[in-house]
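The end of the sequence shown is residue 230 by numbering that gives the first Met the number 0, with every number in the run present. All C-beta atoms, glycine included, are put in the ideal place defined by N, C-alpha and C. Data first, discussion second: the structure below is written as structure tokens.
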Amino acid sequence: MKKIGIIGGLGPESTLMYYRELCARCHELSESGSYPEIVIASVDMQKMLSFVSSGDYEGLTGYLAEAADVLADAGCDFGAIASNTPHMIFPALSKRSRMPFISIVEASARKAKELGLRAPLLAGTGFTMGSRFYPEAFEQTGISLMLPDAADQNEIHGIIFPDLENGIVEPKKRERFLSICRSYIEKQGADGVILGCTELPLIAGPADFPVPVLDTARIHIDAIIARAFER
């Protein structure tokens, strides 16, 4: 089993979920019952958000490249960022990293194609919904993402920050999020919902919608596990 490197802390709740899921599932899949070797480089989410908010993508790349170096120095065979938003600089980080990284966006696009989706709704942070890195990856698989309008993007972002990023679930905000997504399914024909923030599964899942739901964190974990067991 390959040694896994995770850039985490973006936020902490999703990093904990990645660790638990990777340990449990690799243990189940291992013929010897082994647990995976995992190294986590936990970075400061506020620093990451500061880089993104100011448009300092070179600074963000450098900051996460330092974390990637920590993982490479620890002997990791490959890495993953346990968050969606930082994937806006994924190509630049991949070029600077001494080891390969697995993209949550590319893994999710492949899954959407497998499911035959044509116009799924993307929900995530304002940074994710307002950037091109998700639409571009999905366009390469022939899928046109549906994006919430500006007002709904702001509201979804406010549901994620600061509460959900810190593991705090407010029932009223949960219901509002579900209502927003359902409106795009019912009125605009969204044929899927992409939970494009690794904390959104805390408030939404497959049982909440009449269309397929892509939990990008778990899709990412599936891809990480597949790479870990590659020979």
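Subject >> With 16 other Cβ atoms within 10 Å as the buried cut-off, status of G10 >> reply: buried
Subject >> Coil, strand or helix - A103 by DSSP >> reply: Looking at the sequence itself, residue 103 is Ile, so the reference to Ala does not match. I103 falls in the helix class under three-state DSSP.
Subject >> Close beta carbons around F100, own chain, < 8 Å, minus the five adjacent residues each side >> reply: A67, F77, G78, A79, I80, F89, L92, S93
**OP:** Report all residues from its chain with a CB closer than 7 Å to the CB of A222; omit the five preceding and five following residues, and keep chain order.
**Re:** I101, A106
Subject >> Minimum length 3: unbroken beta strand (DSSP E) runs contained in the region 23-66 >> reply: 37-41
**OP:** Report, in whole angstroms, the separation of the C-beta atoms of Q139 and A118, which I expect to be a contact under 8 Å.
**Re:** Their Cβ separation, rounded to whole angstroms, is 16 Å, which puts Q139 and A118 out of contact at 8 Å.
**OP:** For V192, write down the residues that DSSP places opposite it in a beta bridge.
**Re:** L120, V212
Original post:
When the distance is taken between beta carbons, is L213 closer than 9 Å to G188?
Top reply: no
Subject >> Alpha-carbon spacing of N153 relative to G125, whole angstroms >> reply: 6 Å
**OP:** Take T14 and list the residues in its own chain whose beta-carbon comes closer than 8 Å to its own, dropping the five residues that flank it on each side.
**Re:** I5, G7, G8, I39, S41, A81
Original post:
Would N165 be called buried (16 or more neighbouring beta carbons within 10 Å of its own) or exposed?
Top reply: exposed
Subject >> Boundaries (first-last residue) of the alpha helix (DSSP H) holding F77 >> reply: Unbroken run through F77 is the beta strand (DSSP E), 77-80; no alpha helix (DSSP H).
Subject >> Assigned secondary structure, M16 (DSSP; H/G/I helix, E/B strand, else coil) >> reply: helix
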